[in-house]
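Protein chains in written order, with the UniProt record's numbering: chain X, 1 to 510; chain A, 1 to 359. All C-beta atoms in this analysis are idealised placements derived from N, C-alpha and C, irrespective of residue type, glycine included. The structure under discussion appears below in the form of structure tokens.
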């Protein structure tokens, strides 16, 4: 694993060998930091020197596993003739013996302690003492992708816990995790997970290759990786699906997708994804399929409303009054009676107000946020109608479309929807209904050209895959969705065999 | 990308000059009804427009103007209006009888050509002057009520289906003449009093509401409507009101060459809504007797209507259309010559579904 990294990183192999000669130089550098500790384990100076970052190692382990051994039972020292024997004495599983300075440096920064037999010894033992959990949050409730039914377990910043969560559900040796280190400064552990025998090699290879090609300093979050590895960055649509829900990631893996986890990020990125994935909530699978389908359909409709609601309002009010029903004409006309702005300005004013409230609401602490919501939503909305800055019909439409944009289970998609309104508003204000049609045409052309890890984004609608429609706009019953989606090119197509439990047994001795 | 950019920009600049002008809802003056009258050789136009100043309080107002021809009526009104007059929500056009006798084709074809106006617009003919009717309708203070009046009577009353679209269909079709609702003033209230029969675009005659129900059954087969008639049962005279007349009519053209004869078979299912208390409605025997009486009555009425239409040489039922559908050699000119002589045999089958009293 590290060998691989070295192979990739060694811009100059010569430099590595040269550096490896000199572990002293490393110490000279790290000694500048106040939290670096170096002292001999025994009374004998210049012998058995341990060096570590105080802040990175687990103090308890250091005391129990190393100091106790050498201080309390000095006879152990006799068994220690060369550095390789250290494994016999110290009861820590992860001990690496190396004379490579680069490796020593990277491990030192990961919380390993360096043990030298003698001062200036090039061959050192690297003892794993790191304290992974320090400073990371412990609670892993789902926060952003909340669902009423189903498990509430989300991922954490700790990558090992995340893998643990995955392994709990995918309890098979086929779950393969590949580790890559990314980030010239952060050296972040990034894990690519897939299920052997299900996931197409192509996806795994594409993902691995794209991750390995990243050259960046600090990786803060998987959503950052997401931007580096997606197929097209000139799009507002998320091309890979970020999720904090364990069940969602498991579902993706089971279907034959690849998941990417990154240390320090509670979000797992799965791919290749299609546009319909962003409308699927895990709750759909926990509800009976009729209800699940219905709510999924409502979600799709509300997203369409959210995108087109205000632009249709502009087009109709500005250009196509003919299409307003007779009964509605009066109330629409009255609601705009005192408004001095053209409908475009009115809409932009109100949309920006809502966006402003949303941005402010995110930044504020939860308790203040609620107050802000009330102040913003009710007071500003009502007051702007009273002051004839906007019409109250528009207030309803804008508020509804803001609400509707939250129905997407994936936050990234709801951002996209927020954004997409504005070009459509402009189109509608310039060309009315024709503008909206032009906007839709642009949108559809753009969507159909998108790819996620080389898989079309709009599959199963375009290219049309009738087999895969079963779990797209509607969530079919489990007896129908026993096959994995074809567009993921899974190596085995059957998830389970529905005919085995088709017959409902009504008597226990049947 | 460059292409996309270029396209967006060229569309912005080229299309924005293409006459799509803004018509913001509160900055246009819609008119909901329009009337045309002829006065001393000039055309008088009357338009009703709603004003929505306050919530739930619609006020109807009127523009009137006189011109020597109909074309510039709206531009002349425009000169009186604060906002540009738009015909996009116009859904009722009324013609004075005098105007209609001289022909309404110009107005109709121009509305048909205008993409802004709806083809579901209703048309009508006023007994005297369109101005009187519209003036009276101003006090109703309910927008679009005139066309609603017609629609309501189509849905649940005695009027056959009609609107501008169907008028144009009848107007351009060979073998059928258009009909329009006929408006009168009764106690200064607007009433639809039957149908006006037109030949081409000119008013010929009008029939009353009872006859228009008969015409409705003949044209589209009615499903509703009310019909009052005077009958004699068991030597007792009295009135009977029928409702929910569910009628089906089939036409059989027996001879399409020479002078055609047409067999009309009407099946009507009706309910008795109100009847004079003298009538016996309890026994089956009496019901059967009543059915026979009504059968005879409807047969006579249908025959009378057809001969009336033939007398005026108009064809609102579309007998010509039936003949045309059954003939290889269709000559409209010839048919119009022989139309008054076309023989019709009517067979009616009236069934009383129930005699329940009012709902």
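At a cut of 8 Å, does the region 204-216 of chain X reach the region 244-253 of chain X through at least three beta carbon pairs?
no
In the structure shown, what three-state DSSP assignment does residue 286 of chain A receive?
Mapped onto the second chain, residue 286 of chain A falls at position 286. Helix, per DSSP.
Test item: CB-CB of residue 297 of chain A and residue 353 of chain A under 8 Å
Translated into positions along the second chain, residue 297 of chain A becomes position 297. Translated into positions along the second chain, residue 353 of chain A becomes position 353. No, the Cβ-Cβ distance between residue 297 of chain A and residue 353 of chain A is not below 8 Å.
Name the two residues that bound the continuous alpha helix (DSSP H) containing residue 90 of chain X.
To locate residue 90 of chain X, count along the first chain from 1; it is residue 90. Segment: none, residue 90 of chain X is in no alpha helix (DSSP H) and carries neither H nor E.
Roughly how far, in whole angstroms, is the beta-carbon of residue 196 of chain X from the beta-carbon of residue 176 of chain X, given that I think they are within contact range, below 8 Å?
Counting from one through the first chain, the residue named residue 196 of chain X turns up at place 196. Counting from one through the first chain, the residue named residue 176 of chain X turns up at place 176. Contact holds; Cβ gap of about 5 Å.
Can you check whether the CB of residue 94 of chain A is closer than 8 Å to the CB of residue 126 of chain A?
The residue given as residue 126 of chain A occupies position 126 in the second chain. The residue given as residue 94 of chain A occupies position 94 in the second chain. Going by C-beta atoms, residue 126 of chain A is nearer than 8 Å to residue 94 of chain A.
With DSSP as the reference, label residue 238 of chain A as helix, strand or coil.
Within the second chain, residue 238 of chain A is the residue found at index 238, counting from 1. DSSP places residue 238 of chain A in strand when its eight states are reduced to three.
According to the neighbour-count rule (16 or more other Cβ atoms, all chains shown, within 10 Å of its Cβ), is residue 332 of chain A buried or exposed?
Counted from its first residue, the second chain places residue 332 of chain A at position 332. Its Cβ having fewer than 16 others within 10 Å, residue 332 of chain A is exposed.
Element boundaries [alpha helix (DSSP H), containing residue 350 of chain A]
Taking the first residue of the second chain as position 1, residue 350 of chain A is located at position 350. From DSSP, residue 350 of chain A is part of no alpha helix (DSSP H) but of the beta strand (DSSP E) over 343-354.
Could you tell me the distance, in whole angstroms, from the CA atom of residue 294 of chain A to the CA atom of residue 275 of chain A?
As a first step, residue 294 of chain A is located in the second chain; it is residue number 294 there, counting from the start. As a first step, residue 275 of chain A is located in the second chain; it is residue number 275 there, counting from the start. Looking at the two C-alpha atoms, the distance is approximately 13 Å.
Going by C-alpha distance, which of A/230, A/311, A/139 and A/40 is nearest residue 61 of chain A?
As a first step, residue 61 of chain A is located in the second chain; it is residue number 61 there, counting from the start. Among A/230, A/311, A/139 and A/40, the Cα nearest to that of residue 61 of chain A is on A/139.
Let me make sure I understand the geometry here. Which of X/72, X/97 and X/93 has the alpha-carbon closest to that of residue 84 of chain X?
What you label residue 84 of chain X is simply residue 84 of the first chain in a count that begins at 1. The shortest Cα separation from residue 84 of chain X among X/72, X/97 and X/93 belongs to X/97.
Exposure label - residue 218 of chain A; buried when at least 16 CB within 10 Å:
By one-based count along the second chain, residue 218 of chain A stands at place 218. Buried is the call here.
Looking at residue 286 of chain X: is its Cβ nearer than 8 Å to the Cβ of residue 124 of chain X?
Against the first chain, residue 286 of chain X aligns to sequence position 286. Against the first chain, residue 124 of chain X aligns to sequence position 124. Taking 8 Å as the Cβ cut-off, residue 286 of chain X and residue 124 of chain X do not qualify as a contacting pair.
Buried or exposed for residue 239 of chain A, please, with buried defined as at least 16 other CB atoms from any protein chain shown within 10 angstroms of its CB.
Here the question's residue 239 of chain A lines up with position 239 in the second chain. Residue 239 of chain A should be labelled exposed.
Helix, strand or coil: which one does DSSP assign to residue 115 of chain A?
For the purposes of this step, residue 115 of chain A is taken as the residue at position 115 of the second chain. Residue 115 of chain A: coil per DSSP, three-state reduction.
Answer yes or no: the CB of residue 286 of chain X versus the heavy atoms of the ligand PLP, is any distance below 7 Å?
In the structure shown, the ligand PLP is absent, as is every other ligand, since no ligand is present at all.
Residue 333 of chain X: contacting residues in chain A (beta-carbon distance under 8 Å):
As a first step, residue 333 of chain X must be located in the first chain, where it is residue number 333. Ordered by position in chain A, the residues that pass the 8 Å Cβ test against residue 333 of chain X are 25, 26 and 52.
8 Å is my cut-off, CB to CB: does residue 312 of chain X come that close to chain A?
Taking the first residue of the first chain as 1, we reach residue 312 of chain X at position 312. Chain A, which has no Cβ nearer than 8 Å to the Cβ of residue 312 of chain X, makes this no.
Go ahead and pull the three-state DSSP assignment for residue 159 of chain A.
As a first step, residue 159 of chain A must be located in the second chain, where it is residue number 159. Here residue 159 of chain A sits in coil by DSSP.
Just the C-alpha distance for residue 257 of chain X and residue 120 of chain A, rounded to the nearest angstrom, thanks.
Here the question's residue 257 of chain X lines up with position 257 in the first chain. Here the question's residue 120 of chain A lines up with position 120 in the second chain. Going by the C-alpha atoms only, they are around 54 Å apart.
So residue 362 of chain X packs on residue 314 of chain X, CB below 8 Å; how close in whole Å?
Numbered from 1 along the first chain, position 362 holds the residue referred to as residue 362 of chain X. Numbered from 1 along the first chain, position 314 holds the residue referred to as residue 314 of chain X. Actually they are not in contact, since the Cβ atoms of residue 362 of chain X and residue 314 of chain X sit about 27 Å apart, beyond 8 Å.
Bridge partners of residue 182 of chain X, per DSSP?
Here residue 182 of chain X refers to the residue found at position 182 when the first chain is read from its first residue. DSSP, once it has assigned bridges, lists X/188 as partnering residue 182 of chain X.
Thinking just about the alpha-carbon of each residue, which of X/399, X/61 and X/262 is nearest to the one in residue 351 of chain X?
Here residue 351 of chain X refers to the residue found at position 351 of the first chain. Closest option to residue 351 of chain X, Cα to Cα, is X/399.
Can you tell me where the beta strand (DSSP E) with residue 51 of chain A in it begins and where it stops?
Counting from 1 along the second chain, the entry for residue 51 of chain A is found at position 51. Segment 42-54, the beta strand (DSSP E) holding residue 51 of chain A.
Tell me whether the beta-carbon of residue 144 of chain X lies closer than 8 Å to the beta-carbon of residue 411 of chain X.
Within the first chain, the letter at position 144 stands for residue 144 of chain X. Within the first chain, the letter at position 411 stands for residue 411 of chain X. At a Cβ-Cβ threshold of 8 Å, residue 144 of chain X and residue 411 of chain X count as neighbours.
On the three-state DSSP scale, how would you describe residue 242 of chain X?
Translated into the one-based positions of the first chain, residue 242 of chain X becomes position 242. Residue 242 of chain X: strand per DSSP, three-state reduction.
Could you confirm whether any beta carbon from chain X is found closer than 8 Å to the beta carbon of residue 143 of chain A?
Mapped onto the second chain, residue 143 of chain A falls at position 143. Yes, because at least one Cβ of chain X sits closer than 8 Å to the Cβ of residue 143 of chain A.
What residue does the alpha helix (DSSP H) around residue 339 of chain X start on, and which one ends it?
Sequence index remark: in the first chain, residue 339 of chain X carries index 339 (1-based). Looking at the DSSP string, residue 339 of chain X is not in any alpha helix (DSSP H), and its letter there is neither H nor E.
Taking the beta strand (DSSP E) that residue 263 of chain A belongs to, which residues open and close that run?
As a first step, residue 263 of chain A is located in the second chain; it is residue number 263 there, counting from the start. 261-275 is the extent of the beta strand (DSSP E) around residue 263 of chain A.
Neighbourhood of residue 84 of chain A by C-beta distance below 7 Å, restricted to the same chain and skipping five residues each side
For the purposes of this step, residue 84 of chain A is taken as the residue at position 84 of the second chain. Excluding residues within five positions, the ones whose Cβ falls inside 7 Å are 28, 29 and 78.
Which of helix, strand or coil DSSP assigns to residue 152 of chain A:
Here residue 152 of chain A is taken as the residue at index 152 of the second chain, counted from 1. In the three-state reduction of the DSSP assignment, residue 152 of chain A falls in the helix class.
Given a cut-off of 8 Å, decide if residue 293 of chain X and residue 475 of chain X are closer than it, judged by their beta-carbon atoms.
Numbered from 1 along the first chain, position 475 holds the residue referred to as residue 475 of chain X. Numbered from 1 along the first chain, position 293 holds the residue referred to as residue 293 of chain X. Yes; because the gap between Cβ atoms is below 8 Å, this pair is in contact.
Verify the CB distance criterion: does residue 336 of chain X have a CB-CB separation below 8 Å to chain A?
Position 336 of the first chain, counted from the start, is the residue given in the question as residue 336 of chain X. So yes, residue 336 of chain X belongs to the interface.
With a cut-off of 8 Å, does the C-beta of residue 154 of chain A fall near any C-beta of chain X?
In the second chain, residue 154 of chain A corresponds to position 154, counting from 1. For residue 154 of chain A, the answer is no, since every Cβ of chain X falls outside 8 Å of its Cβ.
Residue 359 of chain A to residue 244 of chain A span [Cα, whole Å]:
For the purposes of this step, residue 359 of chain A is taken as the residue at position 359 of the second chain. For the purposes of this step, residue 244 of chain A is taken as the residue at position 244 of the second chain. Only weak support exists for where residue 359 of chain A lies, its pLDDT of 44 falling under 50; the value from the coordinates is given anyway. If you take the alpha carbons of residue 359 of chain A and residue 244 of chain A, they lie about 12 Å apart.
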